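Data first, discussion second: the structure below is written as structure tokens.
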Amino acid sequence: MSELLQFVFSGITVGAVYALVALGFTIIFNASGVVNFAQGEFVMLGGMITVFAHAAGLPLPLAALIAIVVTAAVGVALNRLAIEPARGAPVVSLIIITIGASIFIRGASQLIFDKQIHSFPAFSGDDPIHVLGATILMQSLWVIGGALAVFAGLWLFFTKTLLGRAVLATSNNRMAAQLVGINTKFVMTLSFALSAAIGAFGGVLVTPITLTAYDVGLALALKGFAAAMLGGMGNPKGALVGGLLLGLLEALTAGYLSSQYKDAAAFVIILAVLFFMPQGLFGRKSTDRV
Amino acid sequence: MLTVEGLRSRYGRIEVLHGIDLHVDSGEIVAVVGANGAGKTTLLRCLSGVQPVSAGTVTFRGEPLTVVPAHRRLARGLAQSPEGRQIFTNLTVAENLRLGAFLYSDDRVWKDMEDAFQMFPILREKRNLAAGGLSGGQQQMLAMARALMGRPSCLLLDEPSMGLAPIIVAQIFDVVKSLKALGVTVLLVEQNAFGALKVADRGYVMETGQITIQGEAAELIAHPRIREAYLGI
């Protein structure tokens, strides 16, 4: 029993990390239909900038805030310099541009920072909490809480605010969005800033557990992408559930089978789900009539 | 209210509008009729700012319009119900209407939505359904209602009758006629020349990017060339 609980705890922790990355995908996807593969680099930047700002003597909360703001600026720059000039190109081309951007950001980070593995202290100490014979780190609760908070914020943004609907309208029909007075350029800028900020926030939360280095973004982006696809791309609920499910699958496979099979088992189940539900668990089916 | 002089526009190297001159006075319904491919839709896209203008001037309520970005033109009073409806298919009917009034957040938004439901009762029934699931006629009604939610003084209406059953077409043209009483000036673009000229005060005939005939709507309906080419009489 305590063994199972321990696997579940570690699964939820890892799953919350995936969920945070997956949530970052939703805004840019909802605004433009583009899956931003540089999302993992935003997570990396969040962790790395915090590490170096903290090492330079800034208190941790201030360092984290700077990391989030700077990463948001990188997101805006990505849109202005790479995505906007290619407007009108097919979505696939834009996705490939984001892959190129992620390689660029990774390379630049290697030069600006270094190739070492870094971390900073956990927010509430390193003592684990004991629950029914299993243990969970305080930092895990921060990650889970962070994922839930971002999820709630996004859900409110897209379902309750006019600006959130304007983002959805922009992706659905850019010309019509302009005709009703939506500044679609601003919507894109905002989407990239928010997505990058969410990614960086995730990076700040997970670094004390997973550590960080210039090249952690790629693996995170792939897992986050898998989680988002599993849950249904573009839906915050899908990102949260998909992330947690993926984390649990991995932890349980690693615990009961072998840790060597954890990625394989997770991807087999994702393939099976997508085979029967191509929209993902919570994806909307599009039913357009003409 | 709206004056267009020497308007030219091109797609790449191909010019599709070769110097359009027209004007719409306040309170009028003006129809632009012509065959498919004449450039009618391009004209309206230029007026809304979603298609670049290569030469010419557009003046709206006494101010030059061509320098105004597309998303600021509704605030000036110019709305468009575009060709092919272009509703937000992933949002509900009510959300589409709410976004039509994106610029506003006062109580009048809800009053205007109530008016839209009065004008098109079927939209009230379907208000919580995804707009993409509506029939063609219902989508057309939604597109027009969404444009009116933006409180325009002038509505550009592109092919509202396209692909619709005759009974729906009649209903749509009745609504167009009723806009006059609401104080909305209308520039109506149509292939259905007879239907459009019947509700219009004046009309223009457009052929391959040029205005070829213009006059009072009643005159145009009686014009022998128009009867032959567009009315099939």
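These protein sequences, in sequence, are chains A and B.
In this text, residue positions in the first sequence follow this note's numbering: the first is 1, and each later residue adds one.
In this text, residue positions in the second sequence follow this note's numbering: the first is 1001, and each later residue adds one.
Glycine included, each C-beta is placed from N, C-alpha and C at the ideal position.
Every value quoted in this text rests on a predicted model; they were computed, and no experiment measured them.
According to the Cβ coordinates, are A/L271 and A/V241 closer than 8 Å? no
Between B/N978 and chain A, is the shortest Cβ-Cβ distance under 8 Å, so that the two count as touching? The structure shown does not extend to residue 978 of chain B, since chain B is modelled only from 1001 to 1233, so the question has no answer here.
Where in the stretch 101 to 141 of chain A do unbroken runs of the beta strand (DSSP E), each at least 3 residues long, occur, reported from the N-terminal end onward? 128 to 131, 134 to 137
If you draw a straight line from the alpha carbon of A/M277 to that of B/T1089, how long is it in whole angstroms? 21 Å
With 8 Å set as the bound, which would you pick, yes or no: does the beta-carbon of A/N79 sit closer than that to a beta-carbon of chain B? no
Determine the chain A residues that contact B/G1100 at a beta-carbon separation under 7 Å, and present them in chain order. V180
At a Cβ threshold of 8 Å, is A/N173 touching chain B? yes
Need the endpoints of the alpha helix (DSSP H) that B/Q1139 sits in, please. 1136 to 1149
With burial defined as no fewer than 16 other Cβ atoms inside 10 Å of the residue's Cβ, what is the status of B/T1208: buried or exposed? exposed
Let me check you understand the geometry: is the CB of A/K237 closer than 7 Å to at least one non-hydrogen atom of the ligand GDP? The ligand GDP is absent from the structure shown, which contains no ligand whatsoever.
From A/V43 to B/L1099, what distance separates their C-alpha atoms? 33 Å
Would you report the Cα separation of B/S1054 and B/P1064, rounded to the nearest angstrom? 15 Å
From which residue to which residue does the beta strand (DSSP E) around B/Y1011 run? 1002 to 1011
With distance defined between alpha-carbon atoms, name the residue in B/H1223, B/V1186, B/F1120 nearest to B/E1159. B/V1186
Return the residue from the list B/Y1104, B/R1085, B/V1184 that minimises the CA-CA distance to B/S1135. B/R1085
So the alpha helix (DSSP H) A/A3 belongs to, where does it begin and stop? Reading off the sequence shown, one finds Glu at residue 3 of chain A, where the question assumed Ala. Element bounds for A/E3: 2 to 32.
Chain B within 8 Å of A/R165, Cβ atoms only: yes
Thinking C-beta only, is A/A22 closer than 8 Å to A/A149? no
Outcome for A/S32 when other beta-carbon atoms lying within 10 angstroms are tallied against a minimum of 16: buried
Hey, A/G15 and A/G243: beta-carbon distance below 8 Å or not? yes
Suppose contacts are defined by Cβ-Cβ distances below 8 Å. Is B/V1199 in contact with B/V1032 by that definition? no
Can you look up B/T1059 in the DSSP assignment and give me helix, strand or coil? strand
List the residues of chain E that B/S1048 touches, going by C-beta distances under 7 Å, in chain order. Although the question refers to chain E, the structure presented lacks it and instead comprises the protein chains A and B.
What is the rounded straight-line gap between the Cα of B/V1109 and the Cα of B/F1102? 9 Å
Between B/A1035 and B/I1087, how many whole angstroms is the CB-CB distance? I'm expecting something under 8 Å. B/A1035 to B/I1087, Cβ: 26 Å. No contact.
Reduced DSSP category for B/V1067 - H, G, I as helix; E, B as strand; rest coil: coil
Below 9 Å between beta carbons is the criterion; list the residues of the stretch 181 to 202 of chain A that meet it against any residue of chain B, in chain order. G181, I182, N183, T184, K185, F186
Where does B/S1081 fall in DSSP's three states? strand
Measure the C-alpha to C-alpha separation of B/D1174 and A/N183 and round it to an integer number of angstroms. 33 Å
Counting only beta-carbon separations shorter than 8 Å, does A/A251 have a partner in chain B? no
In its own chain, which residues sit with a C-beta less than 6 Å from the C-beta of A/V290, not counting the 5 before and 5 after it? Residue placement at A/V290 is flagged as unreliable, the pLDDT there being 48, under the threshold of 50; the coordinate-derived value follows with that caveat. Excluding sequence neighbours, A/V290 sits near nothing in its chain.
Does any CB atom of chain A fall closer than 8 Å to the CB of B/E1005? no
Please go through the same chain and pick out, in chain order, the residues whose beta-carbon is closer than 6 Å to the beta-carbon of A/F9, but skip the five residues on each side of it. A134, I136
Can you list the residues of chain B that A/A265 reaches, using a CB-CB cut of under 9 Å? Those within 9 Å of A/A265 in chain B number zero; the least Cβ separation is about 34 Å.
Going by DSSP in three states, B/V1053 sits in which element: helix, strand or coil? coil
As assigned by DSSP and simplified to three states, the class of B/R1127: coil
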